[in-house]
Amino acid sequence: MHHDKSPGPDGMNPKFFHKYWHIVGNDVVSSVKDFFRTELMPAVQNTNIVLIPKKKKPDMMSELRPISLCNVVAKIITKVLTNRMKGLLSEVISVNQIAFIPGRLITDNIMVSFEILHYLKRKQVGKDGYMALKLDMSKAYDRVDWNFLCVMLSRLGFAEKWVRLIYGCLSTVQYNVVSSGYTLGPIVPSRGLRQGDPISPYLFLVCAEGLSALMRRYEERKWIHGCKVANGASVVSHMLFADDSFLYCKATHEEVSHIIHLLDSFAKASGQRVNFYKSTVFYSSNTTPIVRNSICQRLGIHEVDDRSKYLGLPSTIGRNRKAIFSYLSDKVQKRIQSWDNKFLSRAGKEVLIKSVVQALPAYTMNVFLIPVGICQDIERSINKFWWRSNTNKGIYWMSWDRLSHHKSTGGMGFRDFRDCNIALLAKQGWRLLTCDNSLVGKIFKARYFANGSFLTATLGNNPSYIWRSVLEAQGLVRDGVRRLVGNGSTVSILKDPWLLDEVNPFIESQQLCLVDKMVDSLMKDDVREWDEEVLRDVLTVRDQELVWKIPLSSDVERDGWFWNKEASGLFTVRSAYRILQQQKLNNHQPVFSGAWTKLWQLKLPPKVKDFLWRVCTNSFPTRFQLTTKHIPINSDYPMCLAAPETSLHVLVRCPFAQNYWQQSQIPAVGLAAMLFCSWWEEGLQVWNEAECLEAGMVLWSIWKVRNEVVWNEKQPTSEEVLFLAKLNFVDWYNAQNQELGSPNEPNRVSLEHWTPPTFPKYKVNVDGALFPNEKSYGIGLVARDSFGLVIQAKTLKKAGDLQPHEVEAIGIKEALSWIKDNNWPSVIVESDCRRVVLDLQGNKDMTSPYGHIMLASVTNVSFNFVKRSANKVAHSLARSSLFEANRVFSGVEYLL
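Residue numbers (UniProt numbering): 1 to 896.
Next up, the structure:
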């Protein structure tokens, strides 16, 4: 829990429990255990309700949103229940409900709903029209009937004890309304869920599943007919996201009657009530105006207009897309204007831009391709905010294109919104490619690429704008995606990108015998290994070398996809964005590129690092630089009048500055440098960390002194400048709780020499060896007991030209199988490959070729990283596998 979450009636927030856990921890644990044993909630269920206004000046209670502030102990209990429950919901909650289910995203709901609305919009023929009914549930959380919820839990298969636990959490709540310093209560509820309770969203899903069950029953009885966007697509009768609901049916009075009866039945059972005043309806184009008006009058709702939204996004997209998405640039502009009267440093502006402004359009960019004009408007607003001073004036020293470069290449790391938009859309393309069993995957596949995959899809006839948007990222997905070879039965040798090559992942061999063949035809029949003879006969040398680099695993039967730009094999928006940025930088390598990373890693105050970045990029307001912007000013440095006021002269060359540098005892560098960036880059290479930090503070102090002299005619002594620089430096460094010259990375503890395990454990050491000349690798395993005696040893030799960490992962996997076969009870596995050990300890989800090696299901096994000196025996065995392949030794035989 976050430390500063609002406290409940007991007044203790999570920070109290974090700080005093050594005092209250045992009591909290006992309370949680007692609840699960006795099914009685402890006396911590009193809850404060704070009324949050939905608009600036609320006039009615319906314009206030009640938020529950629960006690921390009560939240801990319900969080335990939540963690146990949410892993099961994907199996019991229908695919039409998207919210809060692991593996389902809100964007799935948006894409399906938008595609159906597009289908209705383009449906101009047919006897019966269709309609999409967008329902607004009035006070959905507050109306949930507890008895209905418990019955739903039982019908979904939850145990009776679990149902009693849930009912105990709900029925023991008491509320106190807190407003303007007054407390009203207590209020004892008989229904409703607390907004702010961790388990409430998941319980509401169970309640909403009742509506899904009714919709399915009516659909099975042909009382309502859902929408089918294409031949072979799933019929969709409803889409739910918590209390946001879309119902789809024919626009006939008969089906409207069934919808009214269905909603009435659900309302009586669950306590929910539809607010038809806020609900809307969307008709297909072939629905006559007479039918539209009569249905609207009967339901008491109004037809959707062009400004309607669903889940915060436009429901329909017309031709004037810039006008439709203009709300994004308006939102950014309003947020920036709210900061106009604040005095912000440039470091403060950077934080606000990256954490607030850049996040505003991200939600929309997940599913829609924003017009270039909107992206440019947003970038102009940010650029103006970045460069202007508090007087709303400023010089644009650098273009947005350079500002949007990564900090390691000389920019500020601001987002290029067009590239960010494409990268976010690539995530949807990745899901359409890999999650083909999801509802959104089935619908889009049937509509746009029925006979292929997302990589081979085309625009198609009359596509929706959401498909146009996602297809814009097809090239980016194609650059980073690769086929994961399991058994190879579904991976085409010639048509699929399955080779581990950054430039060309396709087979170059054009043998006729490879046409329409799958990768499994290149493997041996009796074992999951590459067939060297077949590879030599049908593939080129280049293809053979790449095939040998692909590891195979007998535990993986299904072929899949993985993202080649991440070690885990999982797609990330960051890596996709990095690909787009790298493509731009290929033709433009920035100057000073080798030292940018080191500059930003210096443990200096942000304002000092920003100062150094501006000086190095020639975006600093020295007199000489001002003249380059056509500002009429004398460029001579007023302190000495001996040279133009350049950054190098002011901060380094001027006698005024040289006096300070000589007294600082920082080694002199860059005597022949013509630019400040060259002088600073050489300094970063020569100075140690402490000297770099002190140099940065001295440069900052010299510039502060220059400003005092120029603007206030106040000139301190050199001793005062150095004292000021060191004082600032020491204060900042002490604030970071670090010592001068301390390493950037924490010391990692690792074993220097082999040590026996504690009784009754065993220890298995693993190591791998590469034999590139033979396109093979070896693995050595040795098991020893708590006395250090060798129990067994094993060597294996396998074909393949793999990476060292892949060989180590295969070795650990062989060790786990070995442990399982010998039924050793408790084992420590040691390896000298830190990467593999950390990945195993972190239980990372991986879909890459390296990741599927690590699949294993052995309990009572722990993993340790050791240095090579503590892993000598396993290393020697791995090397000896070249001569003694696939052999198991007994302890005595090994010693002999």
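Beta carbons: idealized from backbone N, C-alpha and C, even for Gly. Only a predicted model underlies this, so the values are computations on that prediction, with no experimental measurement involved.
Asked	Found
Minimum C-alpha distance to N504 - residue among L494, L512, Q511	L494
Helix, strand or coil at A359 according to DSSP, with G and I counted as helix	helix
Cα-Cα separation, A885 to N822	20 Å
Proximity test, Cβ basis, 8 Å: K603 and chain C	The chain inventory of the structure shown lacks chain C, comprising one protein chain alone.
Neighbourhood of V144 by C-beta, 8 Å cutoff - its chain only, sequence neighbours within 5 removed	R191, G192, L193, L203, F204, C207, S270, G271, Q272
Distance, Q841 Cα to Q625 Cα	54 Å
Burial state of T540 (16 or more Cβ within 10 Å)	exposed
Same chain, Cβ closer than 7 Å to K309, neighbours up to 5 away in sequence not counted	S315
Entirely enclosed beta strand (DSSP E) segments - the segment 164–225, minimum 3 residues	174–179, 182–187
Cross-strand partners of M131 (DSSP beta bridge)	C249, Y283
I67 vs V44 beta-carbon contact at 8 Å	no
Three-way DSSP call (helix, strand, coil) for Y310 in this model	strand
Residue environment, M61, which counts as buried when at least 16 other CB atoms sit within 10 Å	exposed
L40 burial status per 10 Å Cβ neighbour count (16 or more: buried)	exposed
Segment limits, alpha helix (DSSP H) that includes P606	606–616
Collapsed DSSP secondary structure at C227 in the structure displayed	strand
CB contact flag (Y465, I374, <8 Å)	no
Inter-residue spacing [alpha-carbon to alpha-carbon] between Q701 and P644	One point to set straight first is that residue 701 is Ser, not Gln, in the sequence displayed. Going from the Cα of S701 to the Cα of P644 covers about 20 Å.
Backbone secondary structure at C435 - three-state DSSP	coil
Identified DSSP bridge partners for residue 914	Outside the displayed range of the chain (1 to 896) lies residue 914, so it cannot be described from this structure.
C-alpha distance - P371 paired with C227, whole-angstrom precision	30 Å
Distance CB(S355)-CB(K123) smaller than 8 Å	no
N-terminal and C-terminal residue of the alpha helix (DSSP H) that D27 is part of	21–38
Extent of the continuous beta strand (DSSP E) run through K797	790–799
Same chain, Cβ closer than 7 Å to S890, five either side skipped, listed in chain order	Q792
Neighbour-count burial assignment, L585, 16 or more Cβ in a 10 Å radius	exposed
Closest residue to L789 among K79, V764, H406, G768 (Cα-Cα distance)	V764
For M1, three-class secondary structure by DSSP	coil
D767 in three-state terms, based on DSSP	strand
When K603, S345, K813 are compared against P551, the one with the closest alpha-carbon	K813
The segment 16–35 contacting the segment 65–79, beta-carbon criterion three pairs below 8 Å	yes
D526, DSSP secondary structure in three states	coil
Distance between N421 and Y141 (C-alpha atoms, nearest Å)	34 Å
Every unbroken alpha helix (DSSP H) within the segment 477–545, with a cutoff of 4 residues, ordered by chain	532–538
Residue closest to R879, alpha-carbon to alpha-carbon, out of L781, L604, Y182, A457	L781
CB contact flag (F266, L214, <8 Å)	yes
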